[in-house]
Structures are given as structure tokens and as C-alpha cells.
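S.K.:
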Amino acid sequence: MGNDQRFAGRVALVTGGSSGIGAAVARRLLAEGARVASLDLHDAAPEGVLAVIGDVADSGDVEEAVALTTRELGHIGVLVCSAGVPGASLPTVAVRDDEWQRVMRVNADGVFYCNRAVIPDMVEHGYGRIVNVASIAGKEGNPMAAAYSASKAAVIALTKAIGKDLATTGVVVNCVAPAVIETPILDGVSADHIEYMVERIPMGRMGEPDEVAALVCWLASDECSFSTGATFDISGGRAVY
Numbered sequence: 017m018g019n020d021q022r023f024a025g026r027v028a029l030v031t032g033g034s035s036g037i038g039a040a041v042a043r044r045l046l047a048e049g050a051r052v053a054s055l056d057l058h059d060a061a062p063e064g065v066l067a068v069i070g071d072v073a074d075s076g077d078v079e080e081a082v083a084l085t086t087r088e089l090g091h092i093g094v095l096v097c098s099a100g101v102p103g104a105s106l107p108t109v110a111v112r113d114d115e116w117q118r119v120m121r122v123n124a125d126g127v128f129y130c131n132r133a134v135i136p137d138m139v140e141h142g143y144g145r146i147v148n149v150a151s152i153a154g155k156e157g158n159p160m161a162a163a164y165s166a167s168k169a170a171v172i173a174l175t176k177a178i179g180k181d182l183a184t185t186g187v188v189v190n191c192v193a194p195a196v197i198e199t200p201i202l203d204g205v206s207a208d209h210i211e212y213m214v215e216r217i218p219m220g221r222m223g224e225p226d227e228v229a230a231l232v233c234w235l236a237s238d239e240c241s242f243s244t245g246a247t248f249d250i251s252g253g254r255a256v257y
């Protein structure tokens with residue numbers, strides 16, 4: 017269920033907008049009146065969304081995506097960073113350097129690059145909403161997921177820092193920490209790892225992308241005016257703190 021034209025006149029950039037949480041967010045923003053661009057490795061953005069092909073782990077690609085979105089759609093007032101990789105399900109001692117670096121580049125560096133790229137224009141306009149997608153793993157840590165857990169903890173800490181940096185500018189920055197959500201990212205996760213995550217959810221099920229999108233879009237709206245640097249759980253009861 018949408019909220020009428022809550023984003024009328026706004027331009028939003030969503031990373032990872034071709035699938036999963038990112039696609040659900042892009043569709044809802046579009047339905048509620050925003051002009052939306054998706055930055056993704058794949059040209060599979062929802063209909064009506066401007067598909068920008070690029071890698072969030074490449075700061076040059078990010079800068080180009082921001083410039084293209086601004087040129088085609090206008091000033092970016094909303095950024096949602098949803099692009100991410102799960103990392104291989106491995107015990108910590110089996111995580112090779114290249115695997116650690118791959119996960120950190122996408123999940124942590126990518127969020128930093130995207131936030132950094134949109135902040136100057138948002139501050140200049142005196143308005144912005146940034147929502148970074150972290151994970152419950154960033155708060156609690158999951159076994160067999162050292163790189164992923166560390167990368168999402170970095171997103172939470174980065175959000176806290178940027179939120180405080182920009183607290184008086186009209187730009188608010190928050191993140192969400194979902195438990196396991198039923199999206200294509202699970203294709204790269206072992207069955208045992210998925211079972212571990214679901215078993216710890218009191219509601220006894222995975223979340224749905226549209227459920228996360230509902231929270232993200234509230235955080236991305238004018239209604240969210242007195243929260244910044246915060247982490248909002250959406251975990252079926254797994255995290256109650």
C-alpha cells in the first residue's frame with residue numbers, strides 16, 4: 017500500500033535497483049510520485065525507472081551515475097543504498113584476502129562512495145534523505161559471515177557519523193537493519209546459513225522486500241524529520257534493541 021504522492025517532485029537514486037529490496041524501493045518511490053534512477057550492474061530496473069549501469073564499488077562509476085541522474089531527472093533529493101553482496105558462507109579462517117576485499121568494496125566502500133557523491137548538492141539545496149541498507153548481521157554478527165557482518169557494521173557506523181556531520185543541514189541520514197529477506201541475494205548463501213538466520217526470527221519467517229521498502233520510504237520522506245544517524249530494525253522480532 018503506497019502513500020499517494022508523497023514523493024511528488026522528488027528525484028531518487030536507488031542502488032541495486034534491479035532486484036530485491038532495491039527494486040521494491042524503486043517501484044514504491046515511483047508509485048508515490050518520484051522520478052527514479054537505479055544504479056546497478058544489470059539493466060533490469062523496474063519499468064519507468066532510469067537504468068544506470070555501473071558498479072558502486074567504483075567511485076568513478078558512482079560519480080558518473082550521480083551526474084547522469086541529475087542531468088536526466090534533476091537534483092537528487094533521495095538516495096537509497098541497497099546494492100550489496102552476501103559473501104561466501106565460510107568460517108573466518110577460510111576467507112581469502114580477495115573475498116574479504118570484494119565484500120567490503122561493494123557493501124562498505126560502495127555506500128561511502130554513494131553518500132559522498134550526493135551530499136554536496138543536497139547540502140547546497142538544504143534538503144536530502146539518505147537511507148543505507150545495513151543488516152542485523154552488522155549488529156549481532158552471523159557465523160560463517162565475517163566479511164558480510166563486518167561490512168554491514170561499517171554501514172551502521174558510517175551512517176551514524178554522516179548523520180551527525182549533516183545534522184544541521186536539512187539532510188538526514190539513516191539506515192535499516194533487516195533480518196533475512198527473501199531476495200535473489202540468498203542464491204549466494206548456503207542452506208545451513210539461511211536456516212540459522214530464519215531460526216532466530218521469532219515470527220518464524222523471512223521478510224518480504226515490500227515490507228522493507230515501506231520502512232525505507234518512510235525514512236526517505238518528509239515525514240522523517242527528527243531522526244538522523246539511526247538504525248531501524250526490521251527483523252521479525254530478532255532484534256529488539
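Here my numbering is used: the first residue of the sequence shown is 17, the next is one more, and so on.
Don't be surprised by glycine CBs; every beta carbon is placed ideally from N, CA and C.
Put Val96 into one of helix, strand or coil per three-state DSSP.
M.R.: Indexing the sequence shown from 1 puts residue 96 at position 80. DSSP places Val96 in strand when its eight states are reduced to three.
S.K.: Name the residue from Val205, Gly38 and Ala24 whose alpha carbon lies nearest to the alpha carbon of Ala99.
M.R.: Along the sequence shown, read from residue 1 onward, the residue named residue 99 stands at position 83. Per the Cα distances, Gly38.
S.K.: Please return the same chain residues whose Cβ sits closer than 6 angstroms to the Cβ of Ala81, not counting the five positions on each side in sequence.
M.R.: The residue given as residue 81 occupies position 65 in the sequence shown. So the qualifying residues of the chain are Leu55, Val68 and Gly70.
S.K.: Helix, strand or coil, according to DSSP, for Leu55 in the structure here?
M.R.: Numbered from its first residue, the sequence shown carries residue 55 at position 39. Here Leu55 sits in strand by DSSP.
S.K.: Let me know if Arg112 comes out buried or exposed under the rule of 16 or more other beta-carbons within 10 Å of its beta-carbon.
M.R.: Looking up residue 112 in the sequence shown gives position 96. Exposed, by the Cβ-count rule.
S.K.: Taking DSSP as the reference, what is the three-state secondary structure of Pro225?
M.R.: Counting from one through the sequence shown, the residue named residue 225 turns up at place 209. Correct three-state label for Pro225: helix.
S.K.: So, for Arg270: in the same chain, excluding its five sequence neighbours on each side, which residues have a beta-carbon less than 7 angstroms away from its beta-carbon?
M.R.: Nothing about residue 270 can be reported from this structure: the residues present for the chain run from 17 to 257 only.
S.K.: Counting pairs of Cβ atoms below 8 angstroms between the stretch 135-152 and the stretch 112-121, do you hit three or more?
M.R.: Flag = no, the stretch 135-152 and the stretch 112-121 do not touch.
S.K.: Is the stretch 56-66 close to the stretch 240-252, with three or more CB pairs under 8 angstroms?
M.R.: They do not touch, by the three-pair rule.
S.K.: Note down, in chain order, each residue of its chain lying with its Cβ closer than 8 angstroms to the Cβ of Met120, except the 5 sequence neighbours on either side.
M.R.: For the purposes of this step, residue 120 is taken as residue 104 along the sequence shown, with counting starting at 1. Once the five neighbours on either side are set aside, the close Cβ partners of Met120 are Ala163, Ala166, Ser167 and Ala170.
S.K.: Would Ala133 and Val78 be called neighbours here (beta carbons separated by less than 8 angstroms)?
M.R.: The count along the sequence shown starts at 1 and reaches residue 133 at position 117. The count along the sequence shown starts at 1 and reaches residue 78 at position 62. Closer than 8 angstroms, so yes.
S.K.: Is there at least one non-hydrogen atom of the ligand NAP closer than 7 angstroms to the beta-carbon of Ile92?
M.R.: In terms of ligand content, the structure shown is empty, and the ligand NAP therefore cannot be addressed.
S.K.: For the structure I just gave you, are there three or more beta carbon pairs, one from the stretch 179-198 and one from the stretch 145-161, closer than 8 angstroms?
M.R.: Short answer: they touch.
S.K.: Less than 8 angstroms between the CB atoms is what I'm expecting for Ile217 and Gly253, so what's the real figure, rounded?
M.R.: Position 201 of the sequence shown, counted from the first residue, corresponds to residue 217. Position 237 of the sequence shown, counted from the first residue, corresponds to residue 253. With a Cβ gap of about 6 angstroms, Ile217 and Gly253 count as contacting.
S.K.: Is Leu202 helix, strand or coil when you go by DSSP?
M.R.: Sequence index remark: in the sequence shown, residue 202 carries index 186 (1-based). Leu202: helix per DSSP, three-state reduction.
S.K.: Would Gly64 be called buried (16 or more neighbouring beta carbons within 10 Å of its own) or exposed?
M.R.: Working through the sequence shown from its first residue, we reach residue 64 at position 48. Under this definition Gly64 is an exposed residue.
S.K.: To the nearest angstrom, report how far apart Val94 and Val214 are at their CA atoms.
M.R.: Position 78 of the sequence shown holds residue 94. Position 198 of the sequence shown holds residue 214. Each residue's alpha carbon lies about 31 angstroms from the other.
S.K.: In the DSSP assignment, what are the bridge partners of Asn148?
M.R.: As a first step, residue 148 is located in the sequence shown; it is residue number 132 there, counting from the start. Asn148 pairs with Cys97 and Cys191.
S.K.: Return the chain-ordered list of same chain residues with a C-beta closer than 8 angstroms to the C-beta of Leu202, the five sequence neighbours on each side being excluded.
M.R.: By 1-based counting over the sequence shown, the position of residue 202 is 186. These residues qualify, in order along the chain: Pro102, Val196 and Ile210.
S.K.: Out of Glu239, Val232, Ser241 and Cys240, point me to the one whose CA is closest to Asp249's CA.
M.R.: In the sequence shown, counting from the first residue as 1, residue 249 sits at position 233. With distances taken between Cα atoms, Asp249 lies closest to Val232.
S.K.: Using CA atoms only, rank isn't needed, just tell me which of Thr85, Gly36, Ala40 and Ala73 is closest to Ala53.
M.R.: Counted from its first residue, the sequence shown places residue 53 at position 37. It is Thr85 whose Cα lies nearest to the Cα of Ala53.
S.K.: Tell me the rounded alpha-carbon separation between Asp208 and Asp125.
M.R.: By 1-based counting over the sequence shown, the position of residue 208 is 192. By 1-based counting over the sequence shown, the position of residue 125 is 109. Approximately 28 angstroms, taken between the alpha carbons.
S.K.: Helix, strand or coil for Val30 per DSSP?
M.R.: Against the sequence shown, residue 30 aligns to sequence position 14. Reduced to three states, the DSSP call for Val30 is strand.
S.K.: Using a Cβ-Cβ cutoff of less than 7 angstroms, which residues in the same chain neighbour Leu89 once the five nearest sequence positions on both sides are dropped?
M.R.: For this step, residue 89 is matched to residue 73 along the sequence shown. Taken in chain order, the residues that qualify are Val27, Arg51, Ala53 and Leu66.
S.K.: Just confirm the distance between the C-beta atoms of Cys240 and Arg145, as a whole number of angstroms; I'd bet it's less than 8 angstroms.
M.R.: For this step, residue 240 is matched to residue 224 along the sequence shown. For this step, residue 145 is matched to residue 129 along the sequence shown. Indeed they touch by this definition, with Cβ atoms about 7 angstroms apart.
S.K.: Would you mind giving the Cβ-Cβ distance between Met160 and Ser105, rounded to the nearest angstrom? I have them listed as a contact below 8 angstroms.
M.R.: By 1-based counting over the sequence shown, the position of residue 160 is 144. By 1-based counting over the sequence shown, the position of residue 105 is 89. Going by Cβ atoms, the distance from Met160 to Ser105 rounds to 5 angstroms, so yes, they are a contact pair.
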